[in-house]
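First the structure, in the form of structure tokens, and then the observations on it.
In this note's numbering, the protein residues as written are 77 to 236.
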């Protein structure tokens, strides 16, 4: 039981750290693709704060591509991690992305999208949330099915 708990903590720590890096790497890739310069990609040791410092991006298309890249890649990552067959991983990534897609605080990706698109950014937020909640539901449903095939719930609890 202790091993499972430690494994769970380690996986979520690695997922959190990787999430920040992959999210920011998506921004950096878009910057390089449109001809810009990436000066710094930072992720703190806990994975709770991350940013990319880059050259100026002009034009609505460039700005939207840049700002939506991180959310799009982490949404795809959530679905990709369903292949790991470890439900906490896609649930964590999907829920973190869904929460971030609703964070309209100044300076966040979706707040910049709102500056460009206005209220249409809400449709993008809702689409990202719906996709990520669907991913979470798939992972949780698969976990419940696997658990029910192993042994009755009461029997599992009596083993502790």
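The beta-carbon is built from N, C-alpha and C at its ideal position, and this holds for glycine as well.
Three-way DSSP call (helix, strand, coil) for residue 170 in this model: One-based indexing of the chain shown puts residue 170 at position 94. Here residue 170 sits in helix by DSSP.
Counted within 10 angstroms of its Cβ, other Cβ atoms place residue 194 as buried (16 or more) or exposed: Mapped onto the chain shown, residue 194 falls at position 118. Its Cβ having fewer than 16 others within 10 Å, residue 194 is exposed.
Supposed contact pair residue 103 and residue 150 - C-beta distance, whole angstroms, cut 8 Å: Sequence index remark: in the chain shown, residue 150 carries index 74 (1-based). Sequence index remark: in the chain shown, residue 103 carries index 27 (1-based). The Cβ separation is near 11 Å, so there is no contact.
Runs of alpha helix (DSSP H) wholly within the region 117-160 (minimum 4 residues, chain order): 136-156
Rounded separation between residue 95 and residue 216 - CA only: Taking the chain shown and counting its residues from 1, one reaches residue 95 at position 19. Taking the chain shown and counting its residues from 1, one reaches residue 216 at position 140. Straight-line Cα distance between these residues: approximately 20 Å.
From 221, 106, 200 and 168, residue whose alpha carbon lies closest to that of residue 134: Indexing the chain shown from 1 puts residue 134 at position 58. Nearest C-alpha to residue 134: 106.
Residue 186 - containing alpha helix (DSSP H), residue span: Counting from 1 along the chain shown, the entry for residue 186 is found at position 110. First-last of the alpha helix (DSSP H) with residue 186: 185-193.
Helix, strand or coil at residue 115 according to DSSP, with G and I counted as helix: Here residue 115 refers to the residue found at position 39 when the chain shown is read from its first residue. DSSP places residue 115 in strand when its eight states are reduced to three.
For residue 182, the three-state DSSP class (helix, strand or coil): On the chain shown, residue 182 is found 106 positions in, with the first residue counted as 1. In the structure shown, residue 182 sits in coil (DSSP, three-state: anything other than H, G, I, E or B).
Cβ-Cβ separation, residue 165 to residue 157 (assumed contact under 8 Å), whole Å: Taking the chain shown and counting its residues from 1, one reaches residue 157 at position 81. Taking the chain shown and counting its residues from 1, one reaches residue 165 at position 89. Right, the Cβ-Cβ distance comes to about 5 Å (below 8 Å), so this counts as a contact.
Distance, residue 167 Cα to residue 201 Cα: To locate residue 201, count along the chain shown from 1; it is residue 125. To locate residue 167, count along the chain shown from 1; it is residue 91. Cα to Cα, the separation comes out at about 18 Å.
Cutoff 7 Å; reference residue 114; Cβ partners in own chain excluding five residues on either side: Along the chain shown, one-based indexing puts residue 114 at 38. Excluding positions up to five away in sequence, the list reads 104, 107, 108, 128 and 130.
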